[in-house]
Structure formats: structure tokens, C-alpha cells
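Presented below is the structure to which this report refers.
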Amino acid sequence: MRPPGRLVLPRGNYSDARTEPLRPVPPADPQTRWRDLVDRRLPEAATARPDWPVRLNHGFARILLDNACGGSWRDSVRPPAWANMPPERLAAAIELGEAVIDGRADLALLDRRSMLWRGRRSAPSAPDALACGGLQLRRWQRGDDAAFAALNADPEVMAHFPALRSRSESLTEARALDRRFDADGFGPWAVAEGGRFVGFVGGMRIMRPMPFAGGERPGDCVEIGWRLARDAWGRGIATRAARASLADLFGRCGIPAVVAYTALGNAASRRVMERLGMAPGGTFAHPGLPPDHPLSVHVLYRLDAFECPGGSA
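The sequence shown: position 53 = 53 (the UniProt record's numbering), numbered continuously.
Rendered as C-alpha cells:
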């Protein structure tokens, strides 16, 4: 029997808490976080959510990875996905999973998009093209690849983006942009002038939580955006094509409102937003950029369908 008042510790090395602070536990690496998210946390959360379309880890992994890749993840990533997924896409999948657990993302919407990409469901097809005066707004073609890669490698075009795109990155982006039509019934149209590809303009569901009103739940908010080659600037192409796209979003697709945003210093894009009748909605720090990044501060614009000529209420 040990004497009263004496604390007996097992053998080992100990630090004096009065003189040496406890070391913080390092955050888990992304791959470990991913495995814990899909193998434990989401299946556990599913026990209290009978409305969720899946309950097992492989179902959650499919949904999150497909939405992070903008299509079936197997089209662009070698299995196992958790080990070979590019870090930024794995981070996006984790972010979506966290939003699902917190009730900030609609798992049914994410599952529907995944199933449409995999051909397990059918949806009304988007038209092949939109009428737009002398411009062609059409679905993407493989013949657009070289021009799109050149556009993404132009420092002036990409001045308000964090980095230029490589050819491989451009091809991946082009496929993901076109697959949005299959998942949502709308997307960013390839814009051609005289048969020549000059960029894209159109609507896109925002598939990450954004720090502005209405943008908190991935997939709930639709953005109108554009990116055009330099020789298409200054001739009203972005404005004309965006008006045609907005009429389709508000009319055929029944989207009640859209947003647009860009880096604070992008005066040219802001002028297009204002010509479209969009109202400024303040600024926010883009979650995809470090807070001290020179492009971090973005300006937000909004437009409701009833405010757009030809739009629906």
C-alpha cells in the first residue's frame, strides 16, 4: 500500500507542464482526413439521415469525388482515387463532404449529378446551341482544344487568375466544363465567331461553399461567367453572349437568380456585369486563395430573373 498523498506515475519520460507547454497536435494529412470522412464520419452521420441516397463509404466516395472532378472521377484519375487524386481536387471533395455533414450541401443533388455523369439517370438534354446574332453559342468540340489551351496560357487573359494553365490542365478543364451540361442541363457555352473558337460564356453551379449570402450551400447558387481570347475583347462579345445565356438560364432552365464575381481589380469584367444590369453585392475573400493573395478580394454582383428582359419571375 503506497503512502497517502503520494502520486505514483508509471515509468516513462514526462515534461513539466509549468515550464514546457504542450505541443499542438498536427492536423491530419488530407488522405487521412479523406479516409476518416468516408469510412467513418459520413456513414455514422447517415444513421440519423434516412433521406440520404447512400449509406456506405463507397457511395459517399463516388459522389464527392465525381463532383470534385466535374464528372466520373475514373475518367481522369487512376485508382485508388484517394492516393492519386490531385491535392486541390481531394481538398474540394473533403470540403464538400464537410458541407454535407454540416447540412450545408444537398447530398441528393450531388448524387443526381454523379449518376447523370455515369449514365445511370437521364435528364432533359440541353440544346446543341443558342441563337446569338453573329455569334455561335454551342457545345464544346475537340477542335476547340488548341485555342482554349492558348487562351489559358496568355498572361493577359489570365491576369486575374492565380496562375496560367498548362495544356493538360486546359484539356481537363474543357471536358469538365462541357460535362456540366449533362449534369445540370446548362453550362458554359463555347463561343465561336465565324466558326472560330474565341472562349466561353455561360452559367455554372458553384460547387463549393462561398462566403456570401446564398452561396453557403454548394450547388444552390448559379454563376454567370466568361473567359475570352484577347482578340475578342472590346467588341461586346462577352455582353451579347452573356445576355443570350441569361435568357436561357432564366427561361428554359427556370433559374431564379444568378451571381457573378471577379477579382476587385478586374475592371473589364465588372463593366460587363454592370451592362447586364447586375447589382453590386459587396466584396468577399475568395476561399480558394490565401487571405494575403493579391487576388483574394473579389467583388460580387447579382441579378434576379424578373430584372432581366425576357427572364421569368
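Glycine included, C-beta positions come from ideal geometry on N, C-alpha and C.
Fill in: Closest by C-alpha distance to Asp248, when choosing among Cys221, Gly187, Ser168, Phe284
Reading the sequence shown from its first residue, position 248 is the one you call residue 248. For Asp248, the nearest C-alpha among the options comes from Gly187.
Worksheet item: Alpha carbon to alpha carbon, how far is Ala260 from Leu37?
Response: To locate residue 260, count along the sequence shown from 1; it is residue 260. To locate residue 37, count along the sequence shown from 1; it is residue 37. Ala260 and Leu37: Cα-Cα distance of roughly 32 Å.
Worksheet item: When the Cβ atoms of the region 294-308 are set against those of the region 272-285, are three or more pairs found closer than 8 Å?
Response: yes
Worksheet item: Does the count of Cβ pairs from the region 107-115 and the region 48-60 closer than 8 Å reach three?
Response: yes
Worksheet item: What are the boundary residues of the alpha helix (DSSP H) that includes His58?
Response: The residue given as residue 58 occupies position 58 in the sequence shown. Taken as a continuous stretch (DSSP letters only), the alpha helix (DSSP H) holding His58 covers 57-69.
Discussion item. Can you check whether the C-beta of Ser245 is within less than 9 Å of a C-beta belonging to chain D?
Written reply: Considering every chain present, this structure includes no chain D. It has just one protein chain.
Worksheet entry | Three-state secondary structure (DSSP) of Gly281 | Numbered from its first residue, the sequence shown carries residue 281 at position 281. In this structure, Gly281 counts as strand in the three-state DSSP scheme.
Worksheet item: Among Pro291, Gly71, Leu289, Leu42, which residue has its Cα nearest to the Cα of Glu173?
Response: The count along the sequence shown starts at 1 and reaches residue 173 at position 173. Ranking Pro291, Gly71, Leu289, Leu42 by Cα distance to Glu173 puts Gly71 first.
Fill in: Selected residue, minimal CA-CA separation from Leu135, among Arg230, Asp231, Arg240, Leu289
To locate residue 135, count along the sequence shown from 1; it is residue 135. Nearest of Arg230, Asp231, Arg240, Leu289 to Leu135, Cα basis: Arg240.
Item to complete: Assign Glu156 to buried or exposed, taking buried as 16 or more other Cβ atoms, counted over all protein chains shown, within 10 Å of its Cβ.
Response: On the sequence shown, residue 156 is found 156 positions in, with the first residue counted as 1. It counts as exposed.
Discussion item. Among the candidates Gln141, Pro218, Gly195, Val198, whose CA atom is the shortest distance from the CA of Leu171?
Written reply: Position 171 of the sequence shown, counted from the start, is the residue given in the question as residue 171. The shortest C-alpha separation from Leu171 is found at Gln141.
Discussion item. Between which residues of its own chain and Glu193 is the CB-CB distance below 8 Å, once the five residues before and five after are set aside?
Written reply: Your numbering for residue 193 matches position 193 in the sequence shown. Cβ neighbours of Glu193 beyond the five flanking positions: Gly134, Leu135, Gln136, Ala232, Ile237.
Worksheet item: Of all the alpha helix (DSSP H) runs that stay within the bounds of the region 118-162, which reach a length of 4 or more residues?
Response: 145-152
Worksheet item: Would Asn84 be called buried (16 or more neighbouring beta carbons within 10 Å of its own) or exposed?
Response: Position 84 of the sequence shown, counted from the first residue, corresponds to residue 84. With fewer than 16 other Cβ atoms within 10 Å, it is exposed.
Worksheet item: Does the region 159-170 come within contact of the region 94-105, defined as at least 3 CB pairs closer than 8 Å?
Response: no
Worksheet item: Buried or exposed: which applies to Ala267, given that a residue is buried once 16 or more other Cβ atoms fall within 10 Å of its Cβ?
Response: In the sequence shown, the residue the question calls residue 267 occupies position 267. With fewer than 16 other Cβ atoms within 10 Å, it is exposed.
Discussion item. Do Ala257 and Gly214 count as a contact pair if the criterion is CB distance below 9 Å?
Written reply: The sequence position of residue 214 within the sequence shown is 214, counting from 1. The sequence position of residue 257 within the sequence shown is 257, counting from 1. Yes, the pair counts as a contact, with Cβ atoms nearer than the cut-off.
Worksheet item: So, Ala285 versus Pro211, is the Cβ gap smaller than 9 Å?
Response: In the sequence shown, residue 285 corresponds to position 285, counting from 1. In the sequence shown, residue 211 corresponds to position 211, counting from 1. Contact: yes.
Practice prompt. Below 8 Å CB to CB, which residues in the same chain sit around residue 316 once its five sequence neighbours on both sides are set aside?
Written response: Residue 316 cannot be examined here, being either before or after the span of the chain that is shown, 1 to 313.
Item to complete: Hey, could you find the ends of the beta strand (DSSP E) Pro188 is sitting in?
Response: The count along the sequence shown starts at 1 and reaches residue 188 at position 188. 188-193 is the extent of the beta strand (DSSP E) around Pro188.
Practice prompt. Rounded to whole angstroms, what's the CA-CA distance from Phe306 to Asp128? Just pull it up for me.
Written response: Counted from its first residue, the sequence shown places residue 306 at position 306. Counted from its first residue, the sequence shown places residue 128 at position 128. Their Cα atoms are separated by approximately 26 Å.
Discussion item. By the three-class DSSP mapping on this structure, what secondary structure does Met115 have?
Written reply: Here the question's residue 115 lines up with position 115 in the sequence shown. Met115 falls in the helix class under three-state DSSP.
Worksheet item: Based on Cα-Cα distance, which residue from Arg89, Glu44, Val54 lies nearest to Glu169?
Response: What you label residue 169 is simply residue 169 of the sequence shown in a count that begins at 1. Of the candidates Arg89, Glu44, Val54, the one whose C-alpha sits nearest the C-alpha of Glu169 is Arg89.
Discussion item. For a test of the three-state rule: what should DSSP assign to Ile224, helix, strand or coil?
Written reply: If you number the sequence shown from 1, residue 224 lands on position 224. Strand, per DSSP.
Practice prompt. Using three-state DSSP, classify Phe181 as helix, strand or coil.
Written response: For the purposes of this step, residue 181 is taken as the residue at position 181 of the sequence shown. Three-state DSSP puts Phe181 in a helix.
Worksheet item: Which class does Met204 belong to by DSSP, given the choice of helix, strand or coil?
Response: What you label residue 204 is simply residue 204 of the sequence shown in a count that begins at 1. Met204 sits in a strand when the DSSP states are folded into three classes.
Worksheet item: Hey, how far is the Cα of Arg138 from the Cα of Gly185?
Response: Numbered from 1 along the sequence shown, position 138 holds the residue referred to as residue 138. Numbered from 1 along the sequence shown, position 185 holds the residue referred to as residue 185. The straight-line gap from Cα to Cα measures roughly 13 Å.
Item to complete: List the DSSP bridge partners of Gly199.
Response: As a working mapping, residue 199 is identified with position 199 in the sequence shown. Paired residue(s): Val191, Leu228.
Worksheet item: Roughly how many angstroms separate the alpha carbons of Arg35 and Val272, rounded to a whole number?
Response: By one-based count along the sequence shown, residue 35 stands at place 35. By one-based count along the sequence shown, residue 272 stands at place 272. Approximately 43 Å, taken between the alpha carbons.
Worksheet item: What's the call for residue 315, buried or exposed, on a 16-neighbour Cβ count within 10 Å?
Response: Limits of the chain in this structure are 1 at one end and 313 at the other, which puts residue 315 out of reach.
Discussion item. Applying the 10 Å Cβ sphere with the 16-neighbour rule, what's the burial state of Asp66?
Written reply: Numbered from 1 along the sequence shown, position 66 holds the residue referred to as residue 66. Burial call: buried.
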